[in-house]
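Input: a single structure, listed below in structure tokens.
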Amino acid sequence: MNANLFALFESRFPADRTACCIETHDELYYTWDDLDRATAKLANLLVALKLPAGARVAVQVEKSPEALFLYLATLRAGYVYLPLNTAYQEAEIDYFVGNAEPSVVVCSSANFGWVSKVAFRHGTAHVFTLDDDRSGSLLARAASHPDKFETVASADDDLAAILYTSGTTGRSKGAMLTHRNLASNALTLHAYWGWRSDDVLLHMLPIFHVHGLFVASHGALLAGAKMIWAPKLDMAQILKFLPRSTVMMGVPTYYVRMLQEPRFDDDTCRRMRLFVSGSAPLLLETFDAFRERTGHTILERYGMSETVMLVSNPYDEAVGERIGGTVGTPLPGVSVRVVDGEANACAVGEIGNIEVKGPNVFKGYWRMPEKTAEEFTADGWFRTGDVGRFGGEIVSHAGARKVPDNYVTIVGRSKDLIISGGYNVYPKEIESFIDEMPGVAESAVIGVPHQEFGEAVVAVVVRKPGSDFDEAAFGAAGFEAKLIGTLKTRIANFKVPKRVHVVNELPRNTMGKVQKNVLRQQFGAL
Ligand code: MCA
Ligand code: AMP
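Residue numbers (UniProt numbering): 1 to 526.
Written out as structure tokens, the structure reads:
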């Protein structure tokens, strides 16, 4: 049997291929036939380029149905898809392209100038453009190719995608996901979340991370269900399209924003059967307020780029209750354990490191065998870097409630990671950009609680005395503005600190390590 993920989707296309597969926010309609033909043309183009086996196709484009088709065509042609956040700037793209050495890079025409320079410098053979209005060289070139394509035969273990993630330490690493990883997870979620062919998914997530590209899109594709496709989180579009939808997924910021909208109510959700939250912790306060406002209980699940989804609250009440503050139980076929520092299993209620094993767990980090080895235990469990427990109690304003023993609660992270609005920010990366700036002696980057984004990035900086980039020249507020302004030109906007505090020295422990907990206490309020 062909293990190619696209072959699995194809086998589930609805009998009526003239049915709508994607409706866009600006009233375009794509049928399943359109998807088939467009992905065939793009796959034929990729094959005509005579790329080497296992070639990477790196893509940094705005969200559009064609961008999804490019992903699907890459699978279909047996190549490896590498999605990149549209907020990434030159230094970030330079690293990913240099590390992954893609044969093909696709970017927006606005960025073609600098992206093509970066790509050619790293030996990429083909750079195409794709814009969200269906223009650009990619579709122009694909247009002359046949609209039929026999999906390439792939093995279970063949790579389907590489997703860059900061992981637990060090530089960004490419998590290699196989056709089996993605297919097994999609099939599990299909059954576990009760996907139906008459579902309508309101797709508002970006399509360069696991959540929007895999969990949401795969769910609809596998069910043969329609998607309403919106470019980004937008309350006006939620009010317009949610009344016709049955499923929606978002990071917690989506639910916080919905609750800020007075016109969003139970009537807006009248056809909805499922709201999913993930990528960052959903506050119990948001979970409760959403239920109060709409009558719907958000289903929170837990995933990683390296593992796709591993734990989820149940959909079916007969299986169990959705418990706010927890991420639910290990998915069918996925094993999860909580261990202490000596790798001994923790008792129920005890906090430890979360580890996972299963067909969903990635193949390793791209060209980093030592890093891969570090993140797996000798007996093959992947260390998530998240800290949590089975069972125990959830304490809220309503009092304490006992959690069933098979439910997982995430209580923190052992990895130095900030999750802001569902995007991961690796403090060390930001610190290295700040440390390079004139007038900065050293810095520490922390995450502080933020009402909308969950966590916000904050920098604490020690200035270099005597530099012309100092308080005397700018004043304290000027220094902060200058630093933030400079960072905005260098790194993705969501990574830029919302505040910069200047201190004389950073607090350190006896080992010389910066005590970020002390900084979080001191600068915890924005
Ligand atoms: C935007 N801004 C942010 C963020 N997003 N600041 C901090 N954190 C953010 N996430 C800032 C911009 O820098 C800008 O600041 C201002 O907000 C407006 O930018 P804009 O792009 O208009 O913002 P937005 O459209 O309101 O974006 C917020 C958002 C977005 C919709 C929450 O961040 C988003 O789509 N997040 C989803 C991320 C996601 O899909 N994660 C899944 C990862 P200024 O004006 O100063 O320039 S997958 C994953 O984690 C795992 C595997 C899993 O379990 O799913
Ligand atoms: P990524 O590096 O994008 O793969 O992000 C994965 C990380 O997101 C996980 O290791 C968790 O720290 C976090 N995460 C994902 N889902 C949840 C959730 N429901 N609650 C808390 N943290 C989550």
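All residues carry an ideal CB built from backbone N, CA and C; glycine is no exception.
Owing to the predicted nature of the structure, the values given are computational and were not obtained by experimental measurement.
Here DSSP, grouped into helix, strand and coil, assigns M1 to coil. Between the ligand AMP and T165, a heavy atom-to-CB distance of less than 7 Å is present. Classified as buried, G388 has 16 or more neighbouring CB atoms from the shown chains inside 10 Å of its CB. Taking 7 Å as the cut-off, one finds no heavy atom of the ligand AMP near enough to the beta carbon of E355. Taken from the Cβ of D386, at least one heavy atom of the ligand AMP lies inside 7 Å. Secondary structure note for P427: its alpha helix (DSSP H) is the uninterrupted segment P427 to D435. Close CB contacts of K488 within its chain, under the 7 Å cut and outside five residues either way in sequence, are with V496 (chain order). Across the set V256, V118, G224 and L284, the C-alpha of L284 shows the shortest separation from the C-alpha of V327.
In the displayed model, M368 falls within coil according to three-state DSSP, outside both helix and strand. In the structure shown, F523 adopts coil according to DSSP, grouped into three states.
Between the stretch 107 to 125 and the stretch 139 to 152 there are fewer than three C-beta pairs closer than 8 Å, too few to call the two in contact. The DSSP-derived three-state label of P65 is helix. Residue range F382 to F390 is occupied by the beta strand (DSSP E) that includes G385.
Nearest neighbour of V500 by Cα position, chosen from A160, Q89, L526 and T372, turns out to be L526.
By the beta-carbon neighbour count (other beta carbons within 10 angstroms, threshold 16), H397 is exposed. Between V311 and A280, the gap from beta carbon to beta carbon reaches 8 Å or more.
For N353, no alpha helix (DSSP H) segment is defined; the enclosing uninterrupted segment is the beta strand (DSSP E) at G352 to K357.
Residue environment analysis places V395 among the exposed positions, since fewer than 16 neighbouring C-beta atoms fall within 10 angstroms of its C-beta. Counting along the chain, S116 sits inside the alpha helix (DSSP H) bounded by residues F112 to R121. Check the Cα spacing between G320 and each of N493, L46 and V403: the tightest is with V403.
It is roughly 38 Å from the alpha-carbon of E431 to the alpha-carbon of P52. The beta-carbon separation of N424 and S116, rounded to 27 Å, does not stay under the 8 Å limit for a contact. The closest heavy atom of the ligand MCA lies 7 Å or more from the beta carbon of M368. A distance below 8 Å separates the beta carbons of W366 and M176. As the crow flies, the alpha-carbon of F241 is around 48 Å from that of V514. By the CB criterion at 8 Å, M272 and F264 fall outside the cutoff. Nearest neighbour of K498 by Cα position, chosen from L483, E505, N509 and L506, turns out to be L483. Counting along the chain, no beta strand (DSSP E) covers V403, and no H or E run does either. Between G391 and G349, the beta carbon gap of about 5 Å places them in contact (Cβ cut-off 8 Å). Of the residues A230, T86, A343 and I419, the one whose Cα lies closest to the Cα of L130 is T86. For E92, the shortest separation between its Cβ and any heavy atom of the ligand AMP does not lie below 7 Å.
For N313, the three-state secondary structure derived from DSSP is coil.
In this structure, the C-beta of G352 stays at least 7 Å away from each heavy atom of the ligand AMP. For S109, the closest alpha carbon among the candidates E101, G136 and T124 is that of G136.
Secondary structure remark: continuous alpha helix (DSSP H) runs of at least 4 residues inside the stretch 245 to 299, in chain order: 252 to 260 and 284 to 294.
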